[in-house]
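Take a look at the structure below.
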Amino acid sequence: MTTSTSLVYLIALPLAGAALLLLGGRRTDKWGHLLATALSASSFGVGVYQLTQMLGRSTEERPVSQKLFDWINVGAFNVDAGLLLDQLSICFVLLITGVGTLIHIYSISYMSHDQDRRRFFAFLNLFIAAMLLLVLGDSYLSLYVGWEGVGLASYLLIGFWNQKPAYATASKKAFVMNRVGDMGLSFAIMIAFATMGTVSFAGVAEQAENTSEAALTGMGIMLLIAAAGKSAQFPLQAWLGDAMAGPTPVSALIHAATMVTAGVYLITRSNFVFDAAPTAQLLVVIVGAITLMFGALIGTAKDDIKKALAASTMSQIGYMILAAGLGPVGYAFAIMHLLTHGFFKAGMFLGAGSVMHGMDDEVNMRKYGALRKFMPITFATFGLGYLAILGVPPFAGFYSKDMIIETAFNAGGVKGIILGSVTLLGAAITAFYMTRVMILTFTGTKRWDENAHPHESPWLMWLPMAILAIGSVSSGFLLSRGDALVNWLHPLFDHHEEHEQHLLEPIVVSGLALTMVAIGIAIAFVKYSRQDVASVAPEDVSVFTKIARQDLMQDRFNETVFMRPGQVLTTTLVATDEVVIDGTVRTVGKIAMGSGSALRGLQNGFVRSYAALILLGAVALVAAIWVVVQ
Amino acid sequence: MDASNYLYISALLFTIGAVGVVVRRNAIVVFMCIELMLNAANLSFVTFSRINGDLNGQVMAFFTMVVAACEVVVGLAIIVTIYRSRRSASVDDASLLKR
Amino acid sequence: MLQLALEVGQTAKPEAVMFWILGPLAVIAALAMLLVKKAVHSAILMAFVMIILAVFYIAQDAAFLGIVQIVVYTGAVMMLFLFILMLVGVDSSDSLTETIRGLRSLAITAAIGFGGLMISLLGHATLGRSAVGLTAANADGNVQGIAALLFSTYVWPFEVVSALLITAALGAMVLAHHQRSTTRPTQRQLSINRFRGDSLGTAAGLSGPGVYARHNAVDVPALLPDGTPAADSVNATLSARGDMLDYKKFDLSEINTKVEEEK
Numbered sequence: 006m007t008t009s010t011s012l013v014y015l016i017a018l019p020l021a022g023a024a025l026l027l028l029g030g031r032r033t034d035k036w037g038h039l040l041a042t043a044l045s046a047s048s049f050g051v052g053v054y055q056l057t058q059m060l061g062r063s064t065e066e067r068p069v070s071q072k073l074f075d076w077i078n079v080g081a082f083n084v085d086a087g088l089l090l091d092q093l094s095i096c097f098v099l100l101i102t103g104v105g106t107l108i109h110i111y112s113i114s115y116m117s118h119d120q121d122r123r124r125f126f127a128f129l130n131l132f133i134a135a136m137l138l139l140v141l142g143d144s145y146l147s148l149y150v151g152w153e154g155v156g157l158a159s160y161l162l163i164g165f166w167n168q169k170p171a172y173a174t175a176s177k178k179a180f181v182m183n184r185v186g187d188m189g190l191s192f193a194i195m196i197a198f199a200t201m202g203t204v205s206f207a208g209v210a211e212q213a214e215n216t217s218e219a220a221l222t223g224m225g226i227m228l229l230i231a232a233a234g235k236s237a238q239f240p241l242q243a244w245l246g247d248a249m250a251g252p253t254p255v256s257a258l259i260h261a262a263t264m265v266t267a268g269v270y271l272i273t274r275s276n277f278v279f280d281a282a283p284t285a286q287l288l289v290v291i292v293g294a295i296t297l298m299f300g301a302l303i304g305t306a307k308d309d310i311k312k313a314l315a316a317s318t319m320s321q322i323g324y325m326i327l328a329a330g331l332g333p334v335g336y337a338f339a340i341m342h343l344l345t346h347g348f349f350k351a352g353m354f355l356g357a358g359s360v361m362h363g364m365d366d367e368v369n370m371r372k373y374g375a376l377r378k379f380m381p382i383t384f385a386t387f388g389l390g391y392l393a394i395l396g397v398p399p400f401a402g403f404y405s406k407d408m409i410i411e412t413a414f415n416a417g418g419v420k421g422i423i424l425g426s427v428t429l430l431g432a433a434i435t436a437f438y439m440t441r442v443m444i445l446t447f448t449g450t451k452r453w454d455e456n457a458h459p460h461e462s463p464w465l466m467w468l469p470m471a472i473l474a475i476g477s478v479s480s481g482f483l484l485s486r487g488d489a490l491v492n493w494l495h496p497l498f499d500h501h502e503e504h505e506q507h508l509l510e511p512i513v514v515s516g517l518a519l520t521m522v523a524i525g526i527a528i529a530f531v532k533y534s535r536q537d538v539a540s541v542a543p544e545d546v547s548v549f550t551k552i553a554r555q556d557l558m559q560d561r562f563n564e565t566v567f568m569r570p571g572q573v574l575t576t577t578l579v580a581t582d583e584v585v586i587d588g589t590v591r592t593v594g595k596i597a598m599g600s601g602s603a604l605r606g607l608q609n610g611f612v613r614s615y616a617a618l619i620l621l622g623a624v625a626l627v628a629a630i631w632v633v634v635q
Numbered sequence: 038m039d040a041s042n043y044l045y046i047s048a049l050l051f052t053i054g055a056v057g058v059v060v061r062r063n064a065i066v067v068f069m070c071i072e073l074m075l076n077a078a079n080l081s082f083v084t085f086s087r088i089n090g091d092l093n094g095q096v097m098a099f100f101t102m103v104v105a106a107c108e109v110v111v112g113l114a115i116i117v118t119i120y121r122s123r124r125s126a127s128v129d130d131a132s133l134l135k136r
Numbered sequence: 062m063l064q065l066a067l068e069v070g071q072t073a074k075p076e077a078v079m080f081w082i083l084g085p086l087a088v089i090a091a092l093a094m095l096l097v098k099k100a101v102h103s104a105i106l107m108a109f110v111m112i113i114l115a116v117f118y119i120a121q122d123a124a125f126l127g128i129v130q131i132v133v134y135t136g137a138v139m140m141l142f143l144f145i146l147m148l149v150g151v152d153s154s155d156s157l158t159e160t161i162r163g164l165r166s167l168a169i170t171a172a173i174g175f176g177g178l179m180i181s182l183l184g185h186a187t188l189g190r191s192a193v194g195l196t197a198a199n200a201d202g203n204v205q206g207i208a209a210l211l212f213s214t215y216v217w218p219f220e221v222v223s224a225l226l227i228t229a230a231l232g233a234m235v236l237a238h239h240q241r242s243t244t245r246p247t248q249r250q251l252s253i254n255r256f257r258g259d260s261l262g263t264a265a266g267l268s269g270p271g272v273y274a275r276h277n278a279v280d281v282p283a284l285l286p287d288g289t290p291a292a293d294s295v296n297a298t299l300s301a302r303g304d305m306l307d308y309k310k311f312d313l314s315e316i317n318t319k320v321e322e323e324k
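Chains as they are written, first to last, in our numbering: chain H, 6 to 635; chain C, 38 to 136; chain E, 62 to 324.
Next up, the structure:
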């Protein structure tokens, strides 16, 4: 393993930007956004430099580490604050800083009319720094710091326009639900320390063989909860839709490309835990499959373009989690889908932002229509992203999603068939709802308001979109050419070179997937292109649509199952505290006061009554002696 | 003649003295009742001395008398002081401890 | 009780006779001490009880204590009591009504319980046990025996008690000491006060009591020149006690009437 002293700059540059902009106050208003963008770009530069260095080394020498300082040194518990940049981290570093920088550039224009633009860029830089710490930390504890950091940045950015109570509530909801996941991560760290005595990735990987499967299963489940919280997976998925309250660049960066994929990173990073705990791994697959369908179904019913895309994100991350749950064969595909998704989903979100920019912040797709002519560049970039997410060859999604479907089928037995069918069905539904978004937004008739003047966005906005669109087109091909990414990541995962049983030939799977996608597109065309679309969502729809519009009852479920009983519990606890604990204390006090005021009657100041009491005492004494003697 | 008869007398006198302390209000009478109780105790000492056949009991009674004399001196001085300040020898009038 | 009475009847020792006469007397005197109103009567009854106790001491071969009881208690302590009684008001008498509710019944109940329990206990403790007697202990004489104990075994308590006595004497002196709050008035000051007082009539001094033919005594008022009796010629203490005769009856007009009637 190589050591380096430049890893820290990856994090330090954006962190310094955040600190400067937040502490500098109003006087950095004029140039703050430029500084933040420059720092993010320079962080990207450091990342590229590290990649070139890494490529120049042999496979064993590629991971780079840097020890920052002794962090915790208590008895047997020793944690160094250290950074680790290996083949997995570098993918994330480049994604985060690359997409991050593009979104910084986009935001310069997008947020130009917002008087709090400086604060926005400070938070963006803070997010970049925290996310980099998350992927660069060499122990679960360092990861945890970044994990909380991105949670904080996410909270701050969702609630960026916190003058609207609904947005403030949305940020709080995201924060609280993430807290549940964070509990899982902290429990996982505790389990790791309790059973293995270490929390560093290397240490846990080393100890995993000697640890009982029960402990590893527990740790795996806790890690899964953490991943579910951060990545909006079932059952902690409800916050992502509301998180769209944040500015669109935030949705693109945090809630599509990077932060929400942290769960995938966590599971992939903890591959040594999950490989040794089949039960936890199975749960990962199940969670992934459920979320995949869950997100897809929600996506079919959403009229809000950002929420439709958010549901799609949820679904796509479901794919990744599912792939990560398939074990060593799936990790690389999960990461590949993560990277390609980072490109096309960020691109589509920026496209949505561009549409909103031109449509006076209107988000309802039913008020769009026929925007293709007015926003050709946006249409083109969005369309390329659309083709990528559908998995149409040769766009990026085809390579990554197809591999996941294939791997799912190859999982073996009934499990393989079920997972394969779910992923195939998911692909069809994805095709349906994404086609719906395309049709409603860019084609058909105009449905917008009189005073809307749709126009193409300035170059600062479409340039990042264009770059991301190029990524959407080419990244899949580049990453899978000669199994580039698989081989790149290979040293990290304990890949047993067993000859896999192919349930279906790869070409058959691709054919099936494309057929399903075609069916999805066809249905969408029939439903939305052949007939006029109402500019107000129709109310006389099937009960399933209604349920899907309500995010499949997720909020109501949470409210009924967790919030209400929680409220009952807390009110009960308060009442118990009031009645039992305070009551006990008060009763003790009352007893003291009561006996005091009762006994005060004896203290009447008359010495004769005191003498009478002495006499009574003497009687009692003699009586006691009498009893003893008798 | 059974010497324990003196003990019965002693017990009776002690009890009467105790009642007197509680019942009477004149400080001097209360004081005399206390003296009566001390004397009753002395009688017991003397009687036990006789029953046991040694003089320790009588020495005890002697000490009791000395202590009683001291007590009388101080106690009567207190009564005089109280009387001088509030023109009353009733123990009920000196009840300032009540409040 | 019957057993005791039989014993008395059978043996009729001089001590038993003495006991059965003086014992009840002591109890009755003690009870009477509680029941009489006047404190001075209580004191006399107390002295009586003490003398009986002295006799009991002597009867029980405690001659020294018996004499000390008479000399110290009956002689000194009881005289001190009487002295203080004189100071406080010799004939001040309590009302025997109880002012603290329930106290008397409580005291009597407790006393009956206490006495009953004590007697019951004593019955258990000593009945059937014969006294050793002090003949052997008093072989060298009672005083010598006590002295031997007092100056050997009990010499330390004896010294402590002497210290206590001195402390008590000092304490009594401190308590009895009266601190003046104002300076003592001078002769001159007193004289000025007298003439600047309320009435010049008394400035020359009050008239003495009337000592005339009919009542040659200090409780008779003097007659003023107009024949009316002067109320303030009798000592204020006597009038406060109500020991003064009704002065109206010494009015000259009354006397004249009576004289005429006698004629």
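Glycine included, every Cβ here is placed at the ideal spot set by N, Cα and C. Since the structure is predicted, the reported quantities are computational estimates derived from the model, not experimental observations.
- Message: Spatial neighbours of residue 219 (chain E) within its chain, please: C-beta separation below 8 angstroms, excluding the five flanking residues on both sides.
- Response: 211 and 212
- Query: So which residues on chain C does residue 100 (chain E) lean against when the C-beta distance must stay under 7 angstroms?
  - Reply: 63, 65 and 66
- Message: At the level of alpha carbons, what is the spacing between residue 270 (chain H) and residue 66 (chain H)?
- Response: 22 angstroms
- Measuring only between beta-carbons, confirm whether residue 607 (chain H) sits less than 9 angstroms from chain E. Using a Cβ-Cβ cut-off of 9 angstroms, residue 607 (chain H) does not count as an interface residue toward chain E, since no Cβ of chain E sits closer than that to its own.
- Can you find a CB in chain D that lies within less than 9 angstroms of the CB of residue 113 (chain C)? The structure shown contains no chain D; its protein chains are H, C and E.
- Thinking residue 164 (chain H) and residue 233 (chain H) are a contact (beta carbons under 8 angstroms), I'd like their distance in whole angstroms, please. Not a contact, Cβ separation roughly 22 angstroms.
- Message: Quick check: what's the CA-CA separation for residue 620 (chain H) versus residue 268 (chain E)?
- Response: 57 angstroms
- Classification of residue 260 (chain H) by the beta-carbon crowding that lies within 10 angstroms, buried from 16 upward: buried
- Task: Keeping to the same chain, check which residues put their C-beta closer than 7 angstroms to that of residue 380 (chain H); ignore five residues upstream and five downstream.
- Result: 359, 360, 363, 459 and 461
- Item | the segment 578-592 of chain H: positions lying closer than 8 angstroms to chain E by Cβ | none
- Task: Measure the CB-CB distance between residue 451 (chain H) and residue 375 (chain H) and report whether it falls below 9 angstroms.
- Result: yes
- Task: Name the residue from E:149, E:121 and E:128 whose alpha carbon lies nearest to the alpha carbon of residue 36 (chain C).
- Result: For residue 36 (chain C) there is no data in the structure shown, the boundaries of chain C being 38 and 136.
- Quick one: what's got a C-beta closer than 6 angstroms to residue 84 (chain C)'s C-beta in the same chain, skipping five residues either side? 40, 43 and 44
- Task: Taking 8 angstroms as the threshold, find out whether the segment 241-253 of chain H comes into contact with the segment 307-327 of chain H through three or more Cβ pairs.
- Result: yes
- Item | Residues of the segment 92-104 of chain C with Cβ closer than 8 angstroms to any Cβ of chain E, in chain order | 92, 93, 95, 96, 98, 99, 100, 102, 103 and 104
- 4 or more residues per run - each alpha helix (DSSP H) lying fully within the segment 241-291 of chain H: If you keep only unbroken alpha helix (DSSP H) runs of at least 4 residues inside the segment 241-291 of chain H, you get 244-247, 253-257, 267-274 and 276-280.
- Query: Does residue 126 (chain E) have its Cβ less than 9 angstroms from a Cβ in chain C?
  - Reply: yes
- Residues that DSSP places opposite residue 78 (chain H) in a beta bridge: H:83
- When you compare each of H:106, H:412 and H:147 to residue 336 (chain H) by their alpha carbons, which one comes out closest? H:412
- Message: Taking 8 angstroms as the limit between beta carbons, can you name the residues of its chain near residue 139 (chain E), skipping five residues before and five after?
- Response: Once the five neighbours on either side are set aside, the close Cβ partners of residue 139 (chain E) are 104, 107, 108 and 111.
- Among E:198, E:157 and E:90, which one has its Cα closest to the Cα of residue 73 (chain C)? Proximity to residue 73 (chain C) across E:198, E:157 and E:90 peaks at E:90, based on C-alpha coordinates.
- Beta-carbon proximity check, residue 141 (chain H) vs residue 94 (chain H), cutoff 9 angstroms: yes
- Task: Consider the Cβ of residue 49 (chain C): report whether some Cβ of chain H lies at a distance smaller than 9 angstroms.
- Result: no
- List the residues that DSSP assigns as beta-bridge partners of residue 71 (chain H). For residue 71 (chain H), the beta-bridge partners assigned by DSSP are H:88.
- What residue from H:355, H:322 and H:467 has the CA that sits closest to residue 435 (chain H)'s CA? Residue H:322 is the option with its Cα nearest to residue 435 (chain H).
- Task: List the endpoints of the continuous alpha helix (DSSP H) containing residue 455 (chain H).
- Result: Segment: none, residue 455 (chain H) is in no alpha helix (DSSP H) and carries neither H nor E.
- Query: Can you round the beta-carbon distance between residue 111 (chain H) and residue 389 (chain H) to whole angstroms, since I take them to be within the 8 angstroms contact cut?
  - Reply: Going by Cβ atoms, the distance from residue 111 (chain H) to residue 389 (chain H) rounds to 16 angstroms, so no, they are not a contact pair.
- From which residue to which residue does the alpha helix (DSSP H) around residue 187 (chain H) run? 170-201
- Message: Residues in the same chain with beta-carbon distance under 6 angstroms from residue 304 (chain H), minus the five sequence neighbours each way, listed in chain order, please.
- Response: Within the same chain, residue 304 (chain H) has close Cβ partners 313, 316, 317 and 438.
- Would you decide whether residue 176 (chain H) is buried or exposed? Buried here means 16 or more other CB atoms lie within 10 Å of its CB. buried
- With 16 as the cutoff for other CB atoms within 10 Å, does residue 383 (chain H) come out buried or exposed? buried
- Item | Within 9 angstroms, strictly: CB atoms of residue 58 (chain C) and residue 46 (chain C) | no
- Task: Buried or exposed for residue 253 (chain H), please, with buried defined as at least 16 other CB atoms from any protein chain shown within 10 angstroms of its CB.
- Result: buried
- Message: Would you say residue 206 (chain E) lies against chain C (beta-carbon separation less than 9 angstroms)?
- Response: yes
- Assumed close pair residue 88 (chain C), residue 192 (chain E) - CB separation to whole angstroms, cut-off 8 angstroms: 5 angstroms
- Candidates H:431, H:98 and H:568: closest to residue 266 (chain H) by CA position: H:98
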